[in-house]
Every structure is written in structure tokens, then in C-alpha cells.
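Chains as they are written, first to last, in our numbering: chain A, 333 to 463; chain B, 124 to 622; chain C, 7 to 156; chain D, 4 to 179. Just so you know, even glycine gets a beta-carbon here, dropped at the ideal spot from N, CA and C. Every value quoted in this text rests on a predicted model; they were computed, and no experiment measured them. Written below as C-alpha cells is the structure these notes are about.
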Amino acid sequence: MIEHIVAGLQRPNFVAFVILFLWGFFVMVTHPNLVKKLIGMYLLQTSIIFLLVTIGAKKQSTVPILQAADAAAIATHEVDPADYANPLPHVLTLTAIVVQVATLGVSLALVAAIYQKYGSLDEDEILKRIE
Amino acid sequence: MSYPLPVIIFLIPFLTAICLPMVGLKKRHWCRPLALIAVCAMCVAAVVNLLEVLAHGETRYAFGGWPISTSFPAASIGVEWVNDPLASVMLVVLSSLASVCLIYSGPVSPQSLGSRVVLYYTLILMLISGLTGIVLAGDIFNVFVFMEVAALSAYALVGIPGGRALIVAFRYLILGTLGASFYLLGVVFFYAATGTLNMADLAQQLADKPELMTSKAVIAGTTFMFIGFGIKMALFPLHGWLPGAYTRAPDAISPLLAALMTKVALYGWVRIMFWVLGAGAEIGQIHVLSLLGVLGAFAAVVGALLALSQQDVKRMFAYGGISHVGLILIGVSQGNQTAFAGSLFYLINDAVMQAGLFFIAGSAIYHHKAQTVDDLASLRGGSPWMIGGLIVLALSMIGIPPTGGFFGKWHIILGAIEAHNYWAVAAVIIATILTMAYFQKLFVRIFRDTHLPSDVERIETHPSIRFSVAVTSIAIILLGVCSDPIIRFFRDIAVSAGM
Amino acid sequence: MIQAHESVIVRTMSRLLIPLIQLFALYILLFGQYGPGGGFVGGVMLGTSLILGILVLGPESAPCLLAKKVIHGDGVGLIIFAGVGGLCLIGGGEFLNYSNLRIPWVDTDSHRRYLGILLTQLGVAVDIAVTAISIVISLSSINDSGESHD
Amino acid sequence: MTLLFEISLLVLLIITAAGAMLVKDLISSVLILGSYSFLLAIVWAWLGAVDVAFVEAVVGAGLATVFFLLTLFGTAPKDTRIRRTTTPFVAWFGLPLLGLLLLYVAEDLPRFGSPDSPASVHVSPEYLKNSLQDTDTPNVVTAVLMDYRAFDTLIETAVIFTAGIACVLLLRRNQE
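Right, dumping it as C-alpha cells:
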């Protein structure tokens, strides 16, 4: 069991993902302040995207934009996928980042409407003002 | 050119939703009829699609026409839709219930919307097209994006009445986004382990390389996807958002959410569980199906127990829905054809029952301002038709023969006996008894005082409410009467699911 | 709405910056196929240029009035995107299969797909810009409502 | 790019995230979140995802911070200072356990940057090989985003459209 976890620690990216994911999850679920919850939600979503892109990354690989010089190589199908980063995770990340901001927009609209009605951003304060 | 009907079914509500804000700028009163026409057209197209699929079997639709230049078996290059019998049946149920809910939402919609009623109907149509996408999707990342469309419109629709609804909507948003993020994490783990996003291709990868099934990445992916779907389908420990959301939502939206949101999430999990992972998946030597059954049993019993202790009518029906999700999970996890067919049939019945119950709860509030169980008595004097509908739906919720609910439960119990899981049979029976108890509490309050209260004069219920309650009650009885061919139809779906 | 910023420097600088941001956004949008960038980034930058006008130059300024007119076109970007997809469907291919776009002077499939990608990027950019501006206007109209009723 | 640069970038990332979550004043924690997004954009650029770095810088640091600050300017200043919160015992015990479980899972994930990991062998070579002939667009990410998986992006734009409509529906209830 221990050597599995030590093997896990060899990957700095995955360790960073785990720390961000759990901390964001913790703040998002337990913090009383509504805006702080949203900051935790933001970090949770960015940590998942961070893991997605680290899976697509390759050592010694350039940006997946085929330069004109490669046009000849591409014509004869010798594009070596190893020297370009994997484009698919980047597409999923673009979609996930924009979903994240859309969710953030709606949640901040809800927070603004709640503040307009109850005059506070703190959950316990709001619950007191409901009765 | 592959068979375009599924895309047309999706495009009808989608394009109407896009054009509604433009149309609504000038002609605000046009948007409700336009939305109704769109959903009814979608219903007709879904029935035609069902007949087509029954005649010619499953069809696949590759967007952008992308399987052409590759050697891959499935079109894992582009995004793909799978239009198999189960998906087309779900489409028919989804579109017919959505049209009945839209008819019902005429008089009951929140009145203080003013010019924003256009956006209200846009979001309803976006919710319906999002759910259609989940039902038809053949690509796990596509399911995530459709889930976000449906979820975002649901958060805003729940928050419309303002005041306490906003707080409940915010809680629903936090838990919903948590669910979607866990699902995305599951997708990331599956992508890391197999490199593909297409369900058919993923299933083939997992079948070709057996050691992949027991690799920790796939097990973690399955767990995260299950937690994500668990939150979306309000499985018992993760159901925190559902009672508040359905109670505080506007009365026109509660039936739409109650009937469709959790059921489509359950359908999504069944599709991934059986068509992608295969029924033999294990999480660390614990057979996933038995784990699922235990969680389902726990959810069924505790859901019905919580429903017993509720005072608010809508909250009681919401907890009833949670217990039914648990019941369906019990059926799905028995691993044999009878229980699987029974639970899918019960899924359709439960969608119709939940819609009907929330129609009645909404009409009680609309006509008699009857919020809690105690003041339902005025319903008896005011609108006897509603009481008739309530009796039929209660029979189906408990599971009495003429209604569809009985046949679903009956096949789940048969399947559980067949699989020798007697604790599952016990859980189903306990849940039934508890459901009987809380409906008995409901009917005692209605029929307790023998003399008719004199001051309650006969209220003429709104025709569209009477129509929607009548349609759901008749649908429940029809489902019950012709349950045998439907169950046989679901049995050969179970065969294709690898049972 | 948020009142005009009090310091002259901020107002004049932002009045200078807005056209530059828009120019750069258009460059990013149109050259999204040759380098990094594209529909999403170009759209957000177009939106941000008008958001700068709303936040800094006050309600009566030109960018703010333009923004108020723009937010009525909610679904235009999505209509462009789904319209291109629909045209391919009508043209006889699958939905969003750009090689079926019936464009008269274009003959090779790959060039049709190139134009299809360009059109959809425009659709995405318009949609994101309009939504960003509409969310900012909604969020900035919280405190001027004063009384709260539900 | 020595390993030292990568490790320091990740450490900086976690420090800014910690700052964003621990700071008591909401407005400063939002601004630290903006710097977190900026650092994340650098991390994307280092991982070879240039398009994503661009979007993260514009959308993450730009738009998200504008949304946060607009909401906070709408509230009274007394609300932006939040009180001390006590972390429940289960958090100190449960979260590290979850972390160890996740690290235990990490062993089966492909090694960072290995060119023969399943993700970069199975489907993505097709994109790299065919995208220039099929779509004439050198930027493979845009080709995949707008053509191969165009339906995802269409629904993605629908998500943004829905978010815009939802914000108007929730907030602008007093215009008419």
C-alpha cells in the first residue's frame, strides 16, 4: 500500500491536482460564505481541467499547430504524433473552462439575488433571517 | 446519408428555444403557443422514430460525417448518437410528458414574470433539448455537456419565485455542479486509461483488454461517475438538493423536473453501467451490481420513511420520488432479464406518476391554496376530479394490479427472487408498506370529516389542469393494462444489454 | 447602472483602449485557424471591450448604449452556428458536415470545411460576446433596483 | 525547461490557491484568484496547450474576476469581511484519507508525458495526421474543436446562451 502511494507521489502534477481538488471540494461544501463557496467551486473545476491537460501533455513535444514546413511531411503522412501535444484534451478543456464560467455567471446571479433579498452573504445569517 | 430523424427530434425544441428571444421581443404572447407546438411536433417525431427503430433496429448518427477516413470500428473520431430501442422509448416518454407539462403550465405559471415569460419558455425548451441529448448520446463527454445545459436551465427555473427559492436554487447549483465535476473526473480517468471518448469504442477497449477492467484508473473512473450520477439522480445519501428544489420551484416546473431530471440521469447511469462497463464490473472485488442493490434498497426504504414524516404535500411526493429511484436501482442491479425489464418499465411508470402527483399538488395550491396535508380536505369539496386522479396515482405508487406501478414492482420482485436476493425483496416490500402508510395518512386527512364543509363551494378546475391530470391517470392505467408487450420489449433490450 | 469613473485618466485611456481591444479581438478571431485563439477567445475579448465601456464610461456613453442594444440579440450567435449545421443537413450530409455546404465558387471539400469552421467561429464569438455583456449588465443592475420584491 | 521550473510553477499555483481560500477579505481573495488564473495560464502554456492558455487568461482571469467583483461591489462593505470558521474534525481526518486513496489510484495512470500513453496513441494521431488535408487549418485544436467534435461546441455555445438567459431571468425582474 505504501509503495503505491509513494509511486503516486512521483508525479508532481497529480499531487498538485489532489491538493487543489480536495481543498476546493472542502471549501465549496463547508464554507458558510456564499462567494467563498464559489471560489472553492472555481478551484475544484480548474483542478479537474489541470489533470485533463496533464494527460494530454508529451515530453519534447511542440504546440499542436502544424507549421507550413510540415506541409510536405503531412502530404506523405509522416507526421510523427510524438512531437505534437495531444490536441483532444485541449478541446475538452476549452469546453470545460467555458462551462465553468457559465456556471459561475449563473451562481453569482443567484448570490446577487439572495443578497438583494436577505442583505447578507453568510449562510447562517440568511437562515436566521428566513424565520 | 444516415437516418436524420433523431437530429430532427433534437433540433425542433433547440431551434425554437434559440429563436424565442428574438420572436418574444415584439410578440410576447406568441411564445407559449410556439413552445407548445414545438414540443407536440417533437412528440409526433419521437413516435415515428420509435416505429422506425422497431421496424429497422438500431441506427447510429455520426455528426459531421466523420467515420469516413478512418479505420476505426466505431466513429470515435467525431461525436456519435446511438438511436437504439431503449433510447427511442425514452424519447417518446420524455417528449409526451414534456408536452403534458407544458399544457399544464399554462394557468399555473408564475404571473409576476412580465416580459421575462419569453425567457421562461426558452429555458424550458433548453431543458427538454438537453435531456433529449443525454438520452441519445453515444459519447461520454457529450453527456457531460448536455447535462450542463439541462442543469443550468433547471437552476434558473427553480430560482424564479425568488425569496427562499433562490437559496434552494443556490444549494441545488452547488450540489449539481459537484455532481457534474465528479462526472467529468470520471470521464478524465476513462480517457486516461483508454484514450477514447466514444461509448461503443470504450466498451470495445474494455472488452479487448480484460486487465483494464481491474486497473485502478478504470475503477476510480467508475466510482467518480457513479458519485456524479448519484447526485444527479438524487440517490439517498446524495439527495440533499431534491426536496427543497421541487417544493420551492414554481408549480409549473415541479412536474417537469420531478418527472424527467432524475429519470434521465438514472437512464444515463444504466447506459454507462451496462453498455460500456458490462454487467461484470467490480470495484475492488465488491461486485458493482450488489453494491448498487444495497444502496438502492437503502434509498427505497429511507425515502419512503422520510415521505411519511412530511407535512408539505410537494415535499412528500419529492421524497416518494427518491424512494422510487432506489427501487429502480434494486431492479437494475439484480442482473437478470426479469428484474431489468421490470425496473425499466417502472422507470417509465414512475416518470408518469411523479408528473401526475405534482400536477395534483400544483392544482391544489392553484385552486385552494392547499399547501400542507391538513388543508387538502378542501380539495374534496372543491374538485372531486382531482381526488379521482389522486386515487388512481396512489394505487399505482403503492402497486395495485390495474395500474402500471404494480407490474413494474412485480417483475422487480420476481427478478430478485430469481437472483435469490431476498434482502432486495424485503426492501421492496418494506418500501411498499411505507408508501401505503403515507398515502393512507394523506387520504385520512382528506376523508376524515364525514360532513362536507359547507363553505367550500364547487370550484371549476381549469380545463388544462383537468386535461393533464386525466391524461396521466389514463396513461398509468393504459400502461398497466398493456404492460405485457412492453415488458417483453424491455426483455430483449435486456438481452442487448448483455443479460 | 455603474456611474462613470471619476478620474479623467481612466476614462480617456479606456476610450482609447476599447477600439484597440476590438481590433485585436477581430485579429484573434479571424486568425484562429493559423495560430492560437479562435471563436471563444475572440468572442470574450469583443465582449470585454464593451464591458470596459459599461464599467468605466458610465450609462450614457457610446459603448454602453451599444451594449444595451447588443444584448437584445441573445440567440444570434447560436442561430449562425446551428444555421450552418442546418445548411449542411439540408445540403444532403449529416448535421454539421461542412463538406455538404452548397457554396458556389468553392469546389474542394477541405476548403468548404475551412469556410464552415470560419463561420462557426463567428457564431461562437457573437454568442459569447452577447452573453458576457448581458451577464455583466444584469449583475451591475443589482444595487440600482433598491427595493427588493419577489 | 528544467524540472525546477515546473515544480516551482506548481508550488506557486498551490500557494495562490491557498491564498485565495484562506484570506478573510472577499475582494482580495477574488484578486488572488485572478493571479491564480494567470499562473494557471502559464502552466497551460508549459504543458503545450496554447489555445487553452489564451482562453484561461482571457476568460478565467478576465471575465470570472469581473463577475466576482461586480457581485461584491453590489454588496455592502461590511459583508466582504467574513468571520473565522472552525474546520470540522471530519475534514482533518477524512480529506487526507481521500487524498491517499487518490494517490493510490495514480499508479495506474500513464506516466506524465510518455508518448505511448493510451491517450496519445489511440485516437489523437488520427487528428494530427488528417486534419491538414481534411480541413486546411494548421491549428489542429481549432480543427478538432470546430469540425471533428463540432457538435460538442454547438452544445457548449448553447450552455453559454442558457447562462445568459438565466442571469437575465433571475436578476432583471424590475426592468418592465
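Sequence-distant residues of the same chain with beta carbon closer than 7 Å to F590(B), five excluded per side: Taking the first residue of the second sequence as 1, we reach residue 590(B) at position 467. Answer for F590(B): I226, listed in chain order.
The stretch 480-494 of chain B contacting the stretch 367-381 of chain B, beta-carbon criterion three pairs below 8 Å: yes
Rounded distance between the beta-carbons of V475(B) and L565(B), thought under 8 Å: Here the question's residue 565(B) lines up with position 442 in the second sequence. Here the question's residue 475(B) lines up with position 352 in the second sequence. Not really, about 19 Å apart at Cβ, beyond 8 Å.
Proximity test, Cβ basis, 8 Å: F154(D) and chain B: Reading the fourth sequence from its first residue, position 151 is the one you call residue 154(D). So, interface residue.
Alpha-carbon spacing of T300(B) relative to L23(C), whole angstroms: For the purposes of this step, residue 300(B) is taken as residue 177 along the second sequence, with counting starting at 1. For the purposes of this step, residue 23(C) is taken as residue 17 along the third sequence, with counting starting at 1. Their backbone Cα atoms lie some 36 Å apart in a straight line.
K449(A): contacting residues in chain B (beta-carbon distance under 8 Å): Counting from 1 along the first sequence, the entry for residue 449(A) is found at position 117. Within chain B, the residues near K449(A) are G285, G286 and L289.
Within chain B, the residues that A445(A) reaches when beta carbons sit closer than 8 Å: As a working note, residue 445(A) is residue 113 in the first sequence. The answer, in chain order, is G282, G285 and L289.
Buried/exposed call for T2(C), threshold 16 Cβ in 10 Å: Nothing can be reported for residue 2(C), as the shown portion of chain C is limited to 7 through 156.
Of the listed residues I609(B), P129(B) and A547(B), nearest to S470(B) (C-alpha basis): What you label residue 470(B) is simply residue 347 of the second sequence in a count that begins at 1. Before going further, note that residue 470(B) is Leu rather than Ser in the sequence given. Out of I609(B), P129(B) and A547(B), I609(B) has the C-alpha closest to the C-alpha of L470(B).
Minimum C-alpha distance to P25(C) - residue among A131(C), T137(C), G59(C) and S116(C): To locate residue 25(C), count along the third sequence from 1; it is residue 19. Answer by Cα proximity: G59(C).
Nearest candidate by alpha-carbon position, reference M396(B), set A279(B), H447(B), L329(B) and L380(B): For the purposes of this step, residue 396(B) is taken as the residue at position 273 of the second sequence. Residue L329(B) is the option with its Cα nearest to M396(B).
First and last residue of the uninterrupted beta strand (DSSP E) at Y184(B): Indexing the second sequence from 1 puts residue 184(B) at position 61. Segment T182 to A185, the beta strand (DSSP E) holding Y184(B).
Close Cβ partners of P344(A) (< 6 Å) along its chain, the five nearest in sequence each way excluded: Position 12 of the first sequence, counted from the first residue, corresponds to residue 344(A). If we look at P344(A) and ignore the five residues flanking it on each side, it has no Cβ neighbours.
Distance CB(A357(B))-CB(A478(B)) smaller than 8 Å: Taking the first residue of the second sequence as position 1, residue 357(B) is located at position 234. Taking the first residue of the second sequence as position 1, residue 478(B) is located at position 355. Cβ atoms of A357(B) and A478(B): not closer than 8 Å.
Residue-level contact to chain A via CB, G22(D), 8 Å cutoff: Numbered from its first residue, the fourth sequence carries residue 22(D) at position 19. So no, G22(D) is outside the interface.
Beta-bridge pairing of Y151(D) - partner residues as DSSP gives them: To locate residue 151(D), count along the fourth sequence from 1; it is residue 148. DSSP, once it has assigned bridges, lists no residue as partnering Y151(D).
Per-residue contacts from L202(B) into chain D (C-beta, under 7 Å): Counting from one through the second sequence, the residue named residue 202(B) turns up at place 79. The question names Leu, but residue 202(B) in the sequence shown is Val. Under the 7 Å cutoff, chain D gives R152, F154 and D155.
Collapsed DSSP secondary structure at N544(B) in the structure displayed: Within the second sequence, numbered from 1, the residue matching residue 544(B) stands at position 421. Correct three-state label for N544(B): coil.
Opening and closing residue of the beta strand (DSSP E) in which W204(B) lies: In the second sequence, the residue the question calls residue 204(B) occupies position 81. It spans E203 to N206 - the beta strand (DSSP E) in which W204(B) sits, taken as one unbroken run.
Host alpha helix (DSSP H) of K74(C) (start-end): The residue given as residue 74(C) occupies position 68 in the third sequence. That run of the alpha helix (DSSP H) goes A68 to V76.
Among M439(B), N459(B), V594(B) and G426(B), the one whose alpha carbon lies nearest that of W508(B): Stepping through the second sequence from its first residue, residue 508(B) is reached at position 385. Of the candidates M439(B), N459(B), V594(B) and G426(B), the one whose C-alpha sits nearest the C-alpha of W508(B) is V594(B).
Cβ of H117(C) within 8 Å of any chain B Cβ: As a first step, residue 117(C) is located in the third sequence; it is residue number 111 there, counting from the start. No, its Cβ sits nowhere closer than 8 Å to a Cβ of chain B.
Short CB-CB distance (under 8 Å) between V440(A) and chain C: Taking the first residue of the first sequence as 1, we reach residue 440(A) at position 108. Correcting the residue type first, residue 440(A) is Leu in the shown sequence and not Val. Cβ-Cβ to chain C under 8 Å: yes for L440(A).
Partner residues on chain A for A542(B), Cβ-Cβ distance less than 8 Å: Taking the second sequence and counting its residues from 1, one reaches residue 542(B) at position 419. Per Cβ cutoff of 8 Å: no residues; A542(B) is ~34 Å from chain A at best.
Test item: CB-CB of T165(D) and V272(B) under 8 Å: In the fourth sequence, the residue the question calls residue 165(D) occupies position 162. In the second sequence, the residue the question calls residue 272(B) occupies position 149. Result yes, Cβ atoms of T165(D) and V272(B) sit closer than 8 Å.
N- and C-terminal bounds of the alpha helix (DSSP H) containing F397(B): By one-based count along the second sequence, residue 397(B) stands at place 274. Here F397(B) belongs to no alpha helix (DSSP H), and DSSP marks it neither H nor E.
Interface flag, P373(B) vs chain C, CB-CB below 8 Å: Along the second sequence, one-based indexing puts residue 373(B) at 250. With 8 Å as the cut-off, P373(B) does not count as an interface residue toward chain C.
Extent of the continuous alpha helix (DSSP H) run through S519(B): Here residue 519(B) is taken as the residue at index 396 of the second sequence, counted from 1. If you look at S519(B), you'll find it in the alpha helix (DSSP H) that goes P507 to I521.
Of the listed residues S232(B), I556(B), I535(B) and L173(B), nearest to A547(B) (C-alpha basis): Here residue 547(B) refers to the residue found at position 424 of the second sequence. Of the residues S232(B), I556(B), I535(B) and L173(B), the one whose Cα lies closest to the Cα of A547(B) is I535(B).
C-beta neighbour in chain C for L225(B), strict 8 Å: As a working mapping, residue 225(B) is identified with position 102 in the second sequence. So, not an interface residue.
Same chain, Cβ closer than 7 Å to V347(A), five either side skipped, listed in chain order: Residue 347(A) sits at position 15 when you count from the first residue of the first sequence. Counting only Cβ-Cβ distances below 7 Å, and skipping sequence neighbours, we find L341.
Chain B contact for I429(A) (CB, 8 Å cutoff): Counted from its first residue, the first sequence places residue 429(A) at position 97. Chain B contact via Cβ: absent.
Cβ pair Y416(A), T394(A) closer than 8 Å: Position 84 of the first sequence, counting from 1, holds the residue named residue 416(A). Position 62 of the first sequence, counting from 1, holds the residue named residue 394(A). Yes. Within cutoff.
Local Cβ density within 10 Å of T156(D), reported as buried at 16 or more and exposed below that: Here residue 156(D) refers to the residue found at position 153 when the fourth sequence is read from its first residue. Flag for T156(D) reads buried.
Those residues which DSSP pairs with G116(D) across a bridge: By 1-based counting over the fourth sequence, the position of residue 116(D) is 113. DSSP, once it has assigned bridges, lists K390(A) as partnering G116(D).
Alpha-carbon spacing of A292(B) relative to A277(B), whole angstroms: As a working note, residue 292(B) is residue 169 in the second sequence. As a working note, residue 277(B) is residue 154 in the second sequence. Approximately 9 Å, taken between the alpha carbons.
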